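Data first, discussion second: the structure below is written as structure tokens.
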Amino acid sequence: MPPLRLLFVVVLYAALLAACGKPALPTAPLGDHAALERLAGAYKQTLQDVPTAPRAMRPAGRLLFVEQVFRGAGYDYAATLAALAEGLDAGDKNQRDLAGLVLLPFVGLSDAALGEVLSGDRLRHARQLRLRLKQ
């Protein structure tokens with residue numbers, strides 16, 4: 001019988017291989033009303049799994065909640081944040097609504113506090129999106 005440690009390594013390796021084989025989720029299509037509807041459905045579903053309203057959560061909890069909403073709708077949160085930061089059309093109501101959901105975790109946070117929740121590209125994209133929405 002193989003040692004428990006070896007068995008653990010084999011199972012971990014198999015899990016990593018399985019995860020690598022999964023395709024990455026796409027960016028939520030910007031300006032697409034159907035995508036917003038999917039996200040709204042995922043929001044309602046995810047809301048049933050949490051004990052408190054997202055706005056009552058701490059920023060890190062809100063971020064996890066919104067990431068789960070995006071996964072539930074079949075989209076990648078970080079990729080959508082990046083796409084909006086780089087190409088937001090502030091005149092498009094659907095894009096503004098999508099940006100509102102993407103930025104929900106950071107409502108009420110100062111720019112300095114944003115750095116306590118995010119880092120790297122995500123932080124840069126969140127700051128860039130906030131600036132685009134202020135214009």
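Residue 1 in the numbering used here sits at position 1 of the sequence shown, with consecutive numbering throughout.
Glycine included, each C-beta is placed from N, C-alpha and C at the ideal position.
The structure displayed is predicted, hence computed values, not measured ones.
For residue 65, the closest of 85, 42, 84, 87 by C-alpha to C-alpha distance is 42. Distance check between residue 55 and each of 125, 120, 104, 124 places 104 closest, using alpha-carbon atoms only. In the three-state reduction of the DSSP assignment, residue 101 falls in the helix class. It is roughly 16 Å from the alpha-carbon of residue 36 to the alpha-carbon of residue 79. Note that the C-beta distance between residue 125 and residue 84 is below 9 Å.
Of the residues 45, 76, 127, the one whose Cα lies closest to the Cα of residue 110 is 127. Taking 9 Å as the cut-off, the beta carbon of residue 102 is found no closer than this to the beta carbon of residue 118.
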